Amino acid sequence: MLVDVLLPLNFDHSFTYGSNKKLKIGNLVLVSFKNKEIVGVVWDLNPKPLKKNIKIKNIIQVLDLPNLAKSKISFIDKMANYNLVNKGMVLNLFLYKKGFSSFNKGLKKVTDFTEFNPKIDNDKKLNDEQNNVLKCIEEKVSFNHYSTSLLQGIPGSGKTHVYFEIIKKALKEGCQVLVLLPEKGLSEQIAKRFKNFFNCEPAIWHSGIKDKIKKKVWKGVISNKIKLILGARSALFLPFQKLKLIIIDEEHDSSYKQDEGLPFSARDMAILQASIEKFPIFLVSATPSVESFYNAQNKKYNYYCLQNRFNQSDIPEIETIKLKKENTSENNFISELVTQEVKNYLKGGDQVLIFLNRRGHSTFIFCYNCMQRLECPKCSVGLVYHKKNNIAVCHYCSHTTQLQRKCQNNQMCKFKFYGAGLEKIFEEIQIKFKGYNADILSSDLTDYDKFQQQLQSIENNKTKIIVATQIISKGFNFKNLNCIVAVNCDSAFLGNDIRASEKNYQLLYQLAGRAGRFNKKSKFFLQTFDDNNSIFNSLKKFNSNDFYKNEINFRKQSKLPPFYKFISIVVSGKNSFHAQKFAVTLKNSLPRNEYIESYGPVSAAISKIKSDYRFRILVKYNPKVTPQTQIKKKLKALKLPNNLKLQIDVDPINFY
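For what it's worth, our numbering labels the leading residue of the sequence shown as 168, then goes sequentially.
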């Protein structure tokens, strides 16, 4: 028989192969493609008519593994069409190659998964408010019917314990459960809570997990012997056999959006998968995305809310500190008033978090002799000084250089450093608060293993001052942290981000939630040049409704998400003229009507990255329509020149 096989390659169509065996849609098969053996999936049993004189290869092997369910095939198809990518690239997300290659070798002996088996008891350690919310959930939610629910609650209200009880019920019914987390660093701390609650080792899946463990987890999932998985966005594509519940913790987090390679939102694709496979999904956050909050208010999602902290501890007092010349100076970014408050907390045995969401030491490097900034030769951005390694780094292409550049009169540039990065703040901390153990946490300064050690030191109260970027802003639970300082609350509002207010509010609210979680008076200091900003007033009330109401009204008037949706198309290439010319041709071919508008092409906010010139087209459309099918046809009709690249991002988060 002849069948069509979809391969995990950059194609939107399947390939015809022959077989001596009777096959079914969803069979995993080994085939030869361009002299390489590759695993694919039987996509169709009725191949399209073939051209004459085409030699058909036979399938090498039908793998002795569970079929890819028809619902998964439907999901791959819809995910590819919605995100305007080829089906083969989506299939590739599902095929963990090291799992296949070792399945009949080392993994054949792996049959014991008892370490991952949860021990489920009937005790509920919930307060009255949590019990009431859980009761409402149990009345509405079934593991055999699709629903999306938003569980919102102030930090420390016990959202995690509520969804633990939902997971417990799913496990009792023999279901597989996936808990998605935005950061792999967060998975270790929350894994401890899972271990304590379920009395087992949680099966964890993300890029920091060693292959030996990944292979075991993969086999446990595909054999339906591992029921509970914690993971980053890639865990969504594990070979679940009876997945009946997805929990997305910190659902608002931008880490769920993959920008590089194949852009997609793991949160939105999880909702799509749940709708196809008919099971419930829970979005959990203290600060939901505006879109999720809007959907909950409009009854598209079920909505549940926890308004009080679990242990009745007070929420932090939030105070804005207006920055002026009198209380700041060069290399003195923490005001005198805040400095004194920090000293008082440290003397009382408390921990302090100093927050700045900028990596490196100095963000602006300038020579006054030649009057030129030190810029990346490959990107249209300035380099950032990283003092630890004494180098200048591009945060877009990772280009590094020593601080050496020819200046006037054949001399070398004498650089001055401006703008505060985390390393510069750390230097100030070490001078102002001598005698206290301080540590710096940033994605460019710490690897996964080191990060776990740093977290352990913080949890044991050995580290007294934490200087960190947003890597520390969500999900962590530090008993002794009772003072937080946001060094510069204004920088996030700069630039061209349509979600700037939302992101900054969520970040600061989440930060505030790290403090005072164990019945001690806590304070959160917001250093700002604009203390009249409306989001600071919303933060002080610790009531999100004001912020969401204002933001939703603004979005409606401005025709922004969730009232309109965007598709970003970036054409890039080494030759600026060729890239712009093709971008104009592409824009003119796009569909246009009363529901769909196209803007551009214009030079992107960062006009050059990795030596490629970039031109952006923005498609804006009413959610009543889905223009993806039309756009995909137009893109196929227009042949992309070999010297150009096309990056398509549906529902973009970033616009650089």
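Just so it is clear, CB atoms sit at the ideal spot from N, CA and C, and this is done for glycine as well. Bear in mind that the values here come from a model prediction, so they are computed numbers and not experimental data.
Beta-carbon gap between residue i and residue j smaller than 8 Å
i                 : j                 : result
tyrosine 563      : threonine 315     : no
valine 206        : leucine 262       : yes
phenylalanine 449 : isoleucine 415    : yes
tryptophan 210    : leucine 251       : no
lysine 382        : leucine 513       : no
leucine 802       : phenylalanine 749 : no
isoleucine 287    : lysine 215        : no
leucine 757       : valine 786        : yes
valine 344        : isoleucine 334    : yes
cysteine 534      : lysine 581        : yes
valine 654        : isoleucine 501    : yes
glycine 824       : leucine 235       : It is not possible to answer for residue 824, since the shown part of the chain is limited to 168 through 823.
glutamate 508     : lysine 688        : no
proline 447       : tyrosine 313      : yes
aspartate 481     : cysteine 650      : no
serine 778        : lysine 741        : yes
asparagine 524    : threonine 636     : yes
arginine 781      : serine 725        : no
glutamate 418     : serine 452        : yes
proline 819       : phenylalanine 733 : yes
isoleucine 304    : leucine 347       : no
Beta bridge counterpart(s) of residue i as assigned by DSSP
i              : result
serine 739     : Arg781 and Lys812
methionine 153 : A query on residue 153 cannot be resolved here, the shown segment of the chain reaching from 168 to 823 and no further.
arginine 540   : Phe533
histidine 180  : Partner(s): none; histidine 180 has no beta bridge.
tyrosine 263   : Per DSSP, none; premise fails for tyrosine 263.
lysine 787     : Phe733 and Glu764
threonine 567  : Val560
serine 770     : Phe782
lysine 800     : DSSP, once it has assigned bridges, lists no residue as partnering lysine 800.
alanine 605    : Ile632
alanine 667    : Answer is none; alanine 667 lacks a bridge partner.
glycine 549    : Glu542
leucine 520    : Ile633 and Ile651
isoleucine 776 : Asp779
Option in the options with minimal Cα separation from residue i
i                 : options                           : result
glycine 588       : Gln597, Gln575 and Thr530         : Thr530
valine 457        : Lys617, Gln507 and Arg666         : Arg666
aspartate 435     : Glu444, Met538 and Tyr423         : Tyr423
cysteine 656      : Asn647, Asn644 and Tyr676         : Tyr676
proline 544       : Asn557, Thr568 and Ile521         : Thr568
valine 198        : Leu176, Lys219 and Tyr766         : Leu176
proline 406       : Ser390, Ile413, Tyr731 and Gln724 : Ser390
histidine 328     : Arg525, Phe365 and Phe310         : Phe365
tyrosine 461      : Ser774, Asn717, His566 and Ala679 : Asn717
asparagine 821    : Lys670, Gln795, Ser725 and Leu753 : Lys670
leucine 570       : Asp295, Asn577, Gln578 and Asn557 : Asn557
cysteine 574      : Val560, Arg540, Ala605 and Leu520 : Arg540
leucine 678       : Arg476, Tyr731, Lys411 and Ile521 : Ile521
proline 285       : Tyr766, Ile243, Ile702 and Asn363 : Asn363
glycine 527       : Asn536, Val519, Val560 and Cys546 : Val560
phenylalanine 584 : Ser565, Lys554, Glu595 and Ser452 : Lys554
lysine 188        : Ser181, His180, Met168 and Glu204 : Met168
tyrosine 788      : Asn760, Pro768, Asn809 and Leu813 : Asn760
leucine 232       : Asn704, Val196 and Gly255         : Val196
arginine 476      : Ala437, Asn294, Ala463 and Glu332 : Asn294
serine 705        : Ser186, Asn202, Ser668 and Asn628 : Ser668
threonine 796     : Ile532, Asp244, Asp426 and Lys219 : Asp244
aspartate 179     : Lys799, Pro768 and Asn644         : Lys799
alanine 804       : Ser774, Pro790, Leu753 and Gly767 : Leu753
glutamine 814     : Cys537, Pro430, Lys466 and Gln621 : Pro430
valine 792        : Lys806, Asn809 and Tyr762         : Tyr762
The ligand PLP heavy atom lying under 7 Å from the CB of residue i
i           : result
proline 728 : As for the ligand PLP, it is missing from this structure, which has no ligand bound.
Any contact of the region 708-721 with the region 546-553, i.e. 3+ C-beta pairs under 8 Å?
Three or more beta-carbon pairs separated by less than 8 Å are not found between the region 708-721 and the region 546-553, which leaves the two stretches without contact.
Any 3 or more C-beta pairs closer than 8 Å across the region 400-410 and the region 366-379
Inter-segment contact for the region 400-410 and the region 366-379 is present: three or more beta-carbon pairs are separated by less than 8 Å.
At a cut of 8 Å, does the region 386-394 reach the region 321-328 through at least three beta carbon pairs?
Fewer than three pairs of CB atoms, one per stretch, sit closer than 8 Å, so the region 386-394 makes no contact with the region 321-328.
Contact between the region 594-602 and the region 472-490 is defined here as three or more beta-carbon pairs at a separation below 8 Å; is this criterion met?
Too few Cβ pairs lie closer than 8 Å, so no.
Every unbroken beta strand (DSSP E) inside the region 182-215 [3 residues or more]:
Here the runs fully enclosed are 182-185, 195-200 and 203-211.
Can you confirm whether the region 238-258 touches the region 220-228 when touching is taken to mean that 3 or more C-beta pairs between the two stretches lie within less than 8 Å?
Contact between the region 220-228 and the region 238-258 is absent, because fewer than three Cβ pairs lie under 8 Å.
Residue ranges of each beta strand (DSSP E) within the region 413-492, 3 or longer
With a minimum length of 3 residues, the continuous beta strand (DSSP E) runs that stay inside the region 413-492 are 447-452, 469-473 and 484-489.
Return the chain-ordered ranges of every alpha helix (DSSP H) run that is complete within the region 695-728 and spans a minimum of 4 residues.
Within the region 695-728, complete alpha helix (DSSP H) segments of at least 4 residues are found at 701-708 and 711-725, given in chain order.
Jot down the residue ranges of each uninterrupted beta strand (DSSP E) in the region 272-360, minimum 3 residues, whole runs only, in chain order.
Along the region 272-360, the beta strand (DSSP E) occurs as fully enclosed runs of 3 or more residues at 314-320 and 343-347, listed in sequence order.
Quick one: which unbroken beta strand (DSSP E) runs of 3-plus residues sit fully inside the region 360-409? Chain order, please.
When DSSP assignments are scanned along the region 360-409, the uninterrupted stretches of beta strand (DSSP E) that are 3 or more residues long and fall wholly within it turn out to be 370-372 and 395-398.
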